[in-house]
Structure formats: C-alpha cells, structure tokens
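If you use our numbering, the sequence shown corresponds to residues 389 to 561, in order.
Take a look at the structure below.
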Amino acid sequence: MNREEILKKINGLGLTTTPEIVNQTSDMVSKIAVDTMLSSGEAEALTNIMILKACDTALLDKRTIITVNDIQSSLNFVCVPFFWPCAKSNILENPRITASVITPSDVNLLESLGITKNDELDVTPTTEIANNAVSYLKKKVPAMDISSHDFDFFTKRIEIWKLQANILSTFNK
Numbered sequence: 389m390n391r392e393e394i395l396k397k398i399n400g401l402g403l404t405t406t407p408e409i410v411n412q413t414s415d416m417v418s419k420i421a422v423d424t425m426l427s428s429g430e431a432e433a434l435t436n437i438m439i440l441k442a443c444d445t446a447l448l449d450k451r452t453i454i455t456v457n458d459i460q461s462s463l464n465f466v467c468v469p470f471f472w473p474c475a476k477s478n479i480l481e482n483p484r485i486t487a488s489v490i491t492p493s494d495v496n497l498l499e500s501l502g503i504t505k506n507d508e509l510d511v512t513p514t515t516e517i518a519n520n521a522v523s524y525l526k527k528k529v530p531a532m533d534i535s536s537h538d539f540d541f542f543t544k545r546i547e548i549w550k551l552q553a554n555i556l557s558t559f560n561k
C-alpha cells in the first residue's frame, strides 16, 4: 500500500494530517535508513507505519487531528531511546500484533480474541473485532458501558491497526 493510499484511508476515517506530519516522518526515517541498512521498501513501509502510529496516538487521546507531538509520542511505543536500531526487528520483521498495536492492553485484548499475528489481524473484519472485544470486556466487567462516541474511536483505532497489519503482512511475504 503506497503513501497516497494510506493518507486517503486515514482521511476516510475522519482523521486529519498535514504535509508537515508526513514530511517530518519521512525525513526522520530517511535520515537513518542508511545507518540502519533499511532498503527503500523498508523505509517506505516504516514511514507509513509511523504515520499510522501517530494516528493511533491521537485517537488514544480521542482526537482526530494528528500533530507533530503525536509523531514524537508514537516513538515512545516502539523502543525509545534506541528507536531506529530496533525498528527493523520490532516492527518490520515482527509477524506478531505487537508490531501493529501500540499498547499492551490492546495486545492483550486482541490475544484474548485469538488474534496474535499481523496476518490474522489483517483479514479479520473490523466490526467482528470491535463487537467481540466489547463482548469480551463486558463479560469481564458487566457494568461496563461504552458510548457510541468511544466505540467509534475504538473502531477507528482497529482500522489503523489493520492498515499497519496489512503493510506488514504484505511486506513480510
């Protein structure tokens, strides 16, 4: 999936990004691509994934406008302070959902639904994941109530995870 397609899907989810966000992320990845021996395809995939992680970071704060701070914050979920040396192993070469999902609680939730690999996440419908996750959580906490607004943000986050999983599943074949 190329950058234009990713940005179109991000916009289709109602998220707003800017050329500054895209350029800063691209510049950040390209500066280290040589030092970390990333191929051009790896650099492109990593840039797209980091843009998506910035989107997920904003959605965690229940925002739809992506900021430069979201890029910086998303780095903390990868492997700072040694982000670039481990980006290849933690993201690009990682078949598990930990490459696509940024919080441990999200990983735990998906694993409880039987989704442990990016290729599984990629092919599982968003509504199935969302509905099964809510059912699972309601079994754990029967009094839990999720508003339609929160469910919408959660569904958008799942779409962001699935986009990353798609890139990684395609990239790692």
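Ideal Cβ placement from N, Cα and C applies to all residues, glycine included.
Item                                                                                                                            : Value
Proximity to P483 [Cα-Cα], best of L463, I459, L509, N496                                                                       : L509
Coil, strand or helix - I453 by DSSP                                                                                            : strand
DSSP state of T404 mapped onto helix, strand, coil                                                                              : strand
Contacts around T537, its chain only, beta-carbon distance under 7 Å, and the 5 residues preceding and following it disregarded : What sits at residue 537 in the sequence shown is His, not Thr. Closer than 7 Å at the Cβ level, and outside the excluded window around H537, lies no residue.
The stretch 521-529 / the stretch 451-459 touching (three or more Cβ pairs under 8 Å)                                           : no
Residue nearest to Q552 in terms of C-alpha spacing, selected from P407, Q412, L434, L403                                       : L434
Residue nearest to Q460 in terms of C-alpha spacing, selected from R545, V489, Q412, I555                                       : Q412
CA-to-CA distance, S428 to D415, given in whole angstroms                                                                       : 13 Å
Run of the alpha helix (DSSP H) containing E547, from where it starts to where it stops                                         : 536-559
Burial state of A362 (16 or more Cβ within 10 Å)                                                                                : Because the chain here runs from 389 to 561, residue 362 falls outside it and cannot be looked at.
Own chain partners of V417 with C-beta closer than 6 Å, once the 5 adjacent residues on each side are dropped                   : A431, L434, T435
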